[in-house]
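Accompanying notes for the structure given below.
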Amino acid sequence: MAASYRSTRLSAPPETVAKFIDHAATAAEPRTRYVVTPAAKTLIHARRLLGARAFDAYLRAQFKDAA
Numbered sequence: 006m007a008a009s010y011r012s013t014r015l016s017a018p019p020e021t022v023a024k025f026i027d028h029a030a031t032a033a034e035p036r037t038r039y040v041v042t043p044a045a046k047t048l049i050h051a052r053r054l055l056g057a058r059a060f061d062a063y064l065r066a067q068f069k070d071a072a
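Taking this note's numbering, the leading residue of the sequence shown gets 6, the next gets one more, and so forth.
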């Protein structure tokens with residue numbers, strides 16, 4: 006888990022996240038979601054391409070040991 010926090014693909018520095026939060030808080034019409042990391046962007050695109058069932062199956066496979 007600690008390695009994922011150090012990865013630039015899986016996490017973002019606090020300053021970057023703070024910029025997104027500031028933008029969301031001060032925007033006249035804030036977006037529903039702000040995607041910060043490359044991994045999050047990949048997941049958003051995967052969800053669009055795979056559809057709900059396939060994406061849910063992917064998530065179940067990724068997090069099967071988390072229960």
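Using N, Cα and C, we set each Cβ at its ideal position, and we do this for glycine too.
Quiz prompt | Chain-order list of residues whose beta-carbon lies under 7 Å from that of Val22 (same chain, five-residue window excluded) | solution = Here the set comprises Val41.
Quiz item: Can you tell me whether DSSP reads Ala44 as helix, strand or coil?
Solution: Correct three-state label for Ala44: helix.
Quiz item: When you compare only the Cα positions, how much space is there between Leu48 and Ala30?
Solution: Straight-line Cα distance between these residues: approximately 24 Å.
Practice problem: Give the DSSP-derived three-state secondary structure of Lys24 in the structure shown. | Solution: Three-state DSSP puts Lys24 in a helix.
Quiz item: How about Tyr39 and Phe60: do their beta carbons lie closer than 9 Å?
Solution: For the 9 Å CB-CB criterion, Tyr39 and Phe60 do not form a contact.
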